[in-house]
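Numbering (our numbering), first residue to last: 1 to 113.
Note that beta-carbon positions come from the ideal geometry of N, C-alpha and C, so glycine has one too.
Please read the structure below before turning to the comments.
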C-alpha cells in the first residue's frame, strides 16, 4: 500500500524482515519522457508504492531487512539481463532511503523477490 504508516507501525516496529510491495519504480528504459515524480504520482494514484516508499517505511519502523514484492508486469521477472538490471535498480532505489549497509553477515539487506 502507498500508506503503511499508522496502525501497522506498532506491529512492525524493529521487525527482522519487512515484506513490502514496490509496484512501480522509475526505470529510464520503461519511462521514456517521464520524470521520477510522475511515475511516483501515478503509482500512488493506484494505491501502490515505489521502492523509495518501501525503503522509507522500513527505515521508519527500524526493520533489519526489506523484501520487495508485487512488481508491475512491465518488469518481465525472467532471468534476462534486462530483468535482473531492473530488479537491481529497484533494490538500489529502496536502499537510497533505507540507508545503512547494503549487506551484513546474513547477506543483502534489500531483496527484490
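| field | For residue 20, the residue or residues it bridges with in DSSP | value | 68
| Between residue 21 and residue 32, what straight-line distance do the alpha-carbon atoms span, to the nearest angstrom? | 23 Å
| Given residue 37 as reference, the closest of 26, 46, 9 and 47 once Cα atoms are compared | 26
| field | Opening and closing residue of the alpha helix (DSSP H) in which residue 40 lies | value | 36 to 45
| What first and last residue would you give for the beta strand (DSSP E) that runs through residue 110? | 110 to 112
| task | Taking residue 61 and residue 15 to be in contact with their CB atoms under 8 Å, please state how far apart those CB atoms are, rounded to whole angstroms. | result | 7 Å
| said: Between which two residues does the alpha helix (DSSP H) holding residue 91 run? | reply: 81 to 98
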